[in-house]
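This report concerns only the one structure given below.
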Amino acid sequence: MASMGKSQKILLAVFIVLCLAGGGIASLWRGPDHGFDNMNYHIYNAWALLHGRFGVDLYPADFRSYFYPILDIPYYLLSQECLPDSPRTVAFLMGIPAGILFLLCFALAWKFIGTLSVHGITPGWRLWHSTLATFLGMSGISIVLQVGYTSNEIPVACLVIGGMLAFLQSSKKPGVAGLLSGTMLGMATGLKLTAHVFVIPLLVCIFFFYPTWRERIRASIAFCAAWWVTFLAIFGWWGWTLYKMTGNPVFPAMNNLFKSDWIPHDAGMDNRFIPHDMKHILFYPFYWYKTACVTDGISTDIRFLFAYTVAAGSGISLLLRGLAKSIFSGTGFQFACKGENAGDKTPAQAVFKRSFFFITTFVVLSYIVWEFQFSTLRYAIPIECLLGVFIFACASQIFRVYPNFPKNIPLSALLLLCTLTALATDAHERPRVAFGNVFHPEIPRLPENTLLLAFPGTLFLAPKIVEINLDAAFVGGFFELPSDKPARTWRKQATHPECGVKEMVRNKINKHTAEFRVLAHDVFDFDDPAINEKCTQYGIVVSKEDVKTLKTNFGTCKLYKATRLKEFSRSPNP
Numbered sequence: 032m033a034s035m036g037k038s039q040k041i042l043l044a045v046f047i048v049l050c051l052a053g054g055g056i057a058s059l060w061r062g063p064d065h066g067f068d069n070m071n072y073h074i075y076n077a078w079a080l081l082h083g084r085f086g087v088d089l090y091p092a093d094f095r096s097y098f099y100p101i102l103d104i105p106y107y108l109l110s111q112e113c114l115p116d117s118p119r120t121v122a123f124l125m126g127i128p129a130g131i132l133f134l135l136c137f138a139l140a141w142k143f144i145g146t147l148s149v150h151g152i153t154p155g156w157r158l159w160h161s162t163l164a165t166f167l168g169m170s171g172i173s174i175v176l177q178v179g180y181t182s183n184e185i186p187v188a189c190l191v192i193g194g195m196l197a198f199l200q201s202s203k204k205p206g207v208a209g210l211l212s213g214t215m216l217g218m219a220t221g222l223k224l225t226a227h228v229f230v231i232p233l234l235v236c237i238f239f240f241y242p243t244w245r246e247r248i249r250a251s252i253a254f255c256a257a258w259w260v261t262f263l264a265i266f267g268w269w270g271w272t273l274y275k276m277t278g279n280p281v282f283p284a285m286n287n288l289f290k291s292d293w294i295p296h297d298a299g300m301d302n303r304f305i306p307h308d309m310k311h312i313l314f315y316p317f318y319w320y321k322t323a324c325v326t327d328g329i330s331t332d333i334r335f336l337f338a339y340t341v342a343a344g345s346g347i348s349l350l351l352r353g354l355a356k357s358i359f360s361g362t363g364f365q366f367a368c369k370g371e372n373a374g375d376k377t378p379a380q381a382v383f384k385r386s387f388f389f390i391t392t393f394v395v396l397s398y399i400v401w402e403f404q405f406s407t408l409r410y411a412i413p414i415e416c417l418l419g420v421f422i423f424a425c426a427s428q429i430f431r432v433y434p435n436f437p438k439n440i441p442l443s444a445l446l447l448l449c450t451l452t453a454l455a456t457d458a459h460e461r462p463r464v465a466f467g468n469v470f471h472p473e474i475p476r477l478p479e480n481t482l483l484l485a486f487p488g489t490l491f492l493a494p495k496i497v498e499i500n501l502d503a504a505f506v507g508g509f510f511e512l513p514s515d516k517p518a519r520t521w522r523k524q525a526t527h528p529e530c531g532v533k534e535m536v537r538n539k540i541n542k543h544t545a546e547f548r549v550l551a552h553d554v555f556d557f558d559d560p561a562i563n564e565k566c567t568q569y570g571i572v573v574s575k576e577d578v579k580t581l582k583t584n585f586g587t588c589k590l591y592k593a594t595r596l597k598e599f600s601r602s603p604n605p
């Protein structure tokens, strides 16, 4: 910044404002989040943390009630406390993280493409290539669907990309670079545990980025120390809270290791999308670009397929060049990560090679870890937003085979082709609603100490219900939405013999001496005997008389009166 002129600083400020505003406008265009998770636990979790509800309610939004709630607080405060009557303003503000992610991706592209100046990339081409590469990545399916969404994948991606950029910006000081990068990744993982898939890939990239062992060890130790300190500072208190409550500090994950009695002793992973045969593992992008392999709903997106193809071409190019060097000069593959020591003519060439290694290795390793851990596309946003830069980096290696061939035009043509083709992306729609009075239903006053059995997708009403009925409490049941897929492993919890929390809920209901209510979305039909059967397993029967209707933009919910079954009205369980 100090070396920039006044006009350049003004242009940079305008660019930043345009990016942030663009994210907000994109969120406005998409509309308010109407996803099941927002209705079920994103609003509830933030409210529960701020109002001390974890000792009052039991399993209200199933196991998701115990996800780390810090990232949910901004949306809750904006939509419920600060701007409850300004849903458009809330939607605009929720889109700003997408603008920040665009800025970070552009900065990373600008940083990397700038290292190609030794290969004929002029400032004008640098701007053009950086813009195309950033747009190609940022227009991916997951990013478009997550703009303004409350699942917080984009803020986490900002921290991951920010960690990469912080390292490259300060790479001349290994200790500082590792410290900054580790801090950012520690924040990302602490705020959302699914970000752990990017930690080891980035550590590998940092370790092999430097040519000497001393620099590698210094950067790696700084990264690991900063990651652990930051992760424990952010997540430690919550992990301890979960451990005291459930016996598992990362509940409900890794319960095969910690063996909480609340839920079955399994890993608790959503493995619906993980490939299970070698053919899918090796060529997965060729399968999912037109099918629902990695996300709910059918989507069309060929970015990963493009990246896979160009990366294969780059790999063949590097293999041939490495083989040639091995035969004629004996240097082998040392050029991939050892810079000047591998025969680079200038330090600038070494910087390019290290940056190339850093970007491409991070994307490839992160993809591999993600594929085996989740294969859920929204968890791959830090990979998706870098695909444009990754394609550019791989293509630049392919064109370097021909030293006298002009590279700017073919590189631009490739990026433009990918970008134009990617505009044909067809994403299944995430649930959104019209702007309006989302959170202001008319809440009835309930009898004192009412206990509400909450069906899925209704806990967004909990703050308003307790605002009118201060002594109300919630318990959750093991009820599926009519559209739920039985393949989800956690749906088997209700009938699992090791599901202790189900008995805890039943005991809480059995010991309750005041009145009951059932809170359910209107997708549940209580004329269906199967629905009523699910309630009787908790010892209550639902009355269809005097039903209170709660109308919101999230759909209509209903409050049913409920009474304890006679066989449960005897002395409570010990």
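If you count by my numbering, then the sequence shown holds residues 32 to 605, one letter each, in order.
Even glycine gets a Cβ: it sits at the ideal position worked out from N, Cα and C.
Residue i to residue j, Cα distance in whole Å?
i      : j      : result
Leu190 : Val228 : 13 Å
Gly155 : Gly145 : 11 Å
Gly536 : Asp577 : The amino acid at residue 536 is misidentified as Gly; the sequence shows Val. Computed Cα separation, rounded: 26 Å.
Gly206 : Phe238 : 12 Å
Arg95  : Lys533 : 15 Å
Trp271 : Val341 : 46 Å
Leu211 : Gln39  : 27 Å
Leu590 : Glu112 : 24 Å
Leu167 : Phe421 : 10 Å
Ile192 : Leu477 : 49 Å
Ser182 : His73  : 8 Å
Ala593 : Asn538 : 16 Å
Ala426 : Phe337 : 11 Å
Phe387 : Phe143 : 8 Å
Asp308 : Phe403 : 11 Å
Start and end of the alpha helix (DSSP H) containing residue i?
i      : result
Ser173 : 172-177
Phe486 : It is not in any alpha helix (DSSP H) - Phe486 carries neither H nor E in the DSSP assignment.
Asn76  : 74-81
Trp259 : 244-277
Arg537 : 531-542
Tyr398 : 378-404
Trp159 : 154-169
Ala197 : 184-200
Lys235 : In the sequence on display, residue 235 carries Val and not Lys. 230-240 is the span of the alpha helix (DSSP H), which, as asked, contains Val235.
Thr567 : 560-567
Tyr318 : 316-319
Pro105 : 104-107
What three-state label does DSSP hand residue i in the structure shown?
i      : result
Arg476 : coil
His552 : strand
Lys589 : strand
Gly299 : coil
Asp68  : helix
Phe619 : Absent from the structure is residue 619, since the part of the chain shown begins at 32 and ends at 605.
Phe547 : strand
Arg595 : strand
Met215 : helix
Arg61  : helix
Gly86  : coil
Phe46  : helix
Ala493 : helix
Asp332 : coil
Ile305 : coil
Leu51  : helix
Val325 : coil
Asp292 : coil
Tyr433 : Because the pLDDT at Tyr433 is just 45, under 50, the model does not fix this residue reliably, and the value given afterwards should be weighed accordingly. Three-state result, Tyr433: coil.
Phe364 : Confidence at Phe364 is low in this model, with a pLDDT of 39, below 50, so the placement of that residue is unreliable and no value is reported for it.
Gly419 : helix
Ala129 : helix
Phe337 : helix
Can you name the start and end residues of the beta strand (DSSP E) that residue i belongs to?
i      : result
Lys575 : 571-583
List the residues that DSSP assigns as beta-bridge partners of residue i.
i      : result
Asp93  : Pro91
Gly507 : Ala485
Just to check my reading of the structure: residue i and residue j have Cβ atoms closer than 8 Å, yes? What is that Cβ distance to the nearest angstrom?
i      : j      : result
Leu482 : Phe547 : 6 Å
Tyr99  : Trp78  : Between Trp78 and Tyr99 the Cβ distance is about 15 Å, and since that is not below 8 Å, they are no contact.
Phe137 : Gly488 : That belief does not hold up - the Cβ atoms of Phe137 and Gly488 are roughly 38 Å apart, past 8 Å.
Lys565 : Gly508 : 7 Å
Ser251 : Leu234 : 6 Å
Gly62  : Phe133 : With a Cβ gap of about 20 Å, Gly62 and Phe133 do not count as contacting.
Are there any heavy atoms of the ligand ZN lying less than 7 Å away from the beta-carbon of residue i, as far as the coordinates show?
i      : result
Ala493 : The ligand ZN is absent from the structure shown, which contains no ligand whatsoever.
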